[in-house]
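Visitor:
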Amino acid sequence: MNKICSICKKRQAVYYRAYSGEYICAKCLNNVMEKNVKKEINKTKALNIDSKIVIPITHFSPSSSIALSNLVYRIEKQFKSKIAIIIPKGYNIEEIRNLLENKSDLFIAEINIIPPEKLSLQECIRFERAWSIKAAKILGYEFVFLPISRTDISLMIIDSLINGEANFLSESLEFMEYNGIKFLYPISGIEGETLVSYEFLSGINVKPLCLPYIKSKNVFYSIVGNRPELDFGSERLIGKLGNFLEKLKENRCKICAGFSDKEICNTCEKLNLKELDVKLSIVQ
Ligand SMILES: [Zn+2]
Ligand SMILES: [Zn+2]
């Protein structure tokens, strides 16, 4: 690519952001990502200057979790927030540690239930929430940050509605709270394509333990096609679902906090999360 960055107008661009039509250099891409995460965190107004945040290295997207950890670390450095990064034992701990900018407060999680090789993205999120709740409780932390992009949210909304699985709309919420634990998607202002490019340019590429899929992905791309700006319509869509969501929020799965008509949701039944057990140890 032989283009000058559209933002700083100085450096060589390394990435074309289709959503905004900008050519972006590595430094400005970094700034765009940090600004976006900052905006998302401020939006919820839930974080204090000394918040205690858990960032799990997820089974379905370890690279995005690492990118998220690094972005949040840079932003929160100026505050007194504590960030615990929790790595499931199935990963190569050294590999992940090398990619993390924050090398303190790293924990290894021994989780007695391993997800199957493939799982829908909504089920993946329920699983990550379930074990992260336990980890956060052990540490006495209140926040859990998950690496869900704007595109993931759009895909999940369409998928849940098309398949008549309204309860899976809980996974499309950028912010939710359950039993004193607050879940936030700090990279939900960034489209998937830009996130993936950012990870690639940062040299972060870790193989996931569980491959997430979206049933109706093709339907989504037949609507959105090569026009990622449409992706951002999902924010308005979820706003319109307002009252309907409020109703759904009343009934939650007691294990994963997802919307559910039963005390334990189908995902937690399927994965047998009643038996879920998490042990943490500090990375030396
Ligand atoms: Zn630039
Ligand atoms: Zn559940």
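The numbering used here puts the first residue of the sequence shown at 215, with every later residue one more than the last. Just so it is clear, CB atoms sit at the ideal spot from N, CA and C, and this is done for glycine as well.
Do you know offhand how far N457's Cα is from S363's?
Guide: Answer to the nearest angstrom: the Cα atoms are 24 Å apart.
Visitor: Excluding sequence positions up to five away, which residues of its chain have a Cβ less than 8 Å from the Cβ of R225?
Guide: Closer than 8 Å at Cβ, skipping near neighbours: I218, C219, C239, A240, K241 and C242.
Visitor: Compute the minimum distance between the beta carbon of T365 and the heavy atoms of ligand 2, and state whether it is under 7 Å.
Guide: Answer for T365: no, Cβ out of range of ligand 2.
Visitor: So, do the stretch 418 to 427 and the stretch 379 to 390 have three or more beta carbon pairs nearer to each other than 8 Å?
Guide: The stretch 418 to 427 is not in contact with the stretch 379 to 390.
Visitor: Taking V251 as part of the alpha helix (DSSP H), name the residues at either end of that continuous run.
Guide: A240 to T258 is the extent of the alpha helix (DSSP H) around V251.
Visitor: Less than 7 Å separating the Cβ of I469 from some heavy atom of ligand 2?
Guide: For ligand 2, at least one heavy atom lies less than 7 Å from the Cβ of I469.
Visitor: So the candidates are P276, F293 and E483; which of them puts its Cα closest to the Cα of I505?
Guide: Here the chain covers residues 215 to 498 and nothing more, so residue 505 does not appear.
Visitor: Going straight from the alpha carbon of E464 to that of F293, what length do you get?
Guide: The alpha-carbon atoms of E464 and F293 are separated by roughly 34 Å.
Visitor: Whose C-alpha, out of I328, L261 and A349, is nearest the C-alpha of K274?
Guide: What sits at residue 274 in the sequence shown is Phe, not Lys. The residue with the shortest Cα to Cα distance from F274 is I328.
Visitor: Using 10 angstroms around the beta-carbon of R231, count the other beta-carbons present and answer buried if the total reaches 16, otherwise exposed.
Guide: Buried: at least 16 other Cβ atoms inside 10 Å.
Visitor: Taking Cβ positions, are F501 and L398 nearer each other than 8 Å?
Guide: With the chain covering 215 to 498 only, the question about residue 501 has no answer from this structure.
Visitor: Measuring CA to CA, which of V246, L369, N306 and A350 is closest to D491?
Guide: For D491, the nearest C-alpha among the options comes from A350.
Visitor: Within the continuous beta strand (DSSP E) that includes V268, where are the two ends?
Guide: V268 -> beta strand (DSSP E) spans K266 to P270.
Visitor: Using a Cβ-based criterion (distance less than 7 Å to any ligand heavy atom), does T481 qualify as near ligand 2?
Guide: Yes, Cβ of T481 sits closer than 7 Å to a heavy atom of ligand 2.
Visitor: Would you call the CB atoms of I367 and S334 closer than 8 Å?
Guide: Cβ distance not < 8 Å, so I367 and S334 don't count as in contact.
Visitor: Can you tell me the Cα-Cα spacing of M272 and L375, whole angstroms?
Guide: Before going on, a small fix: residue 272 reads as Thr here, not Met. Distance between the alpha carbons of T272 and L375: 25 Å.
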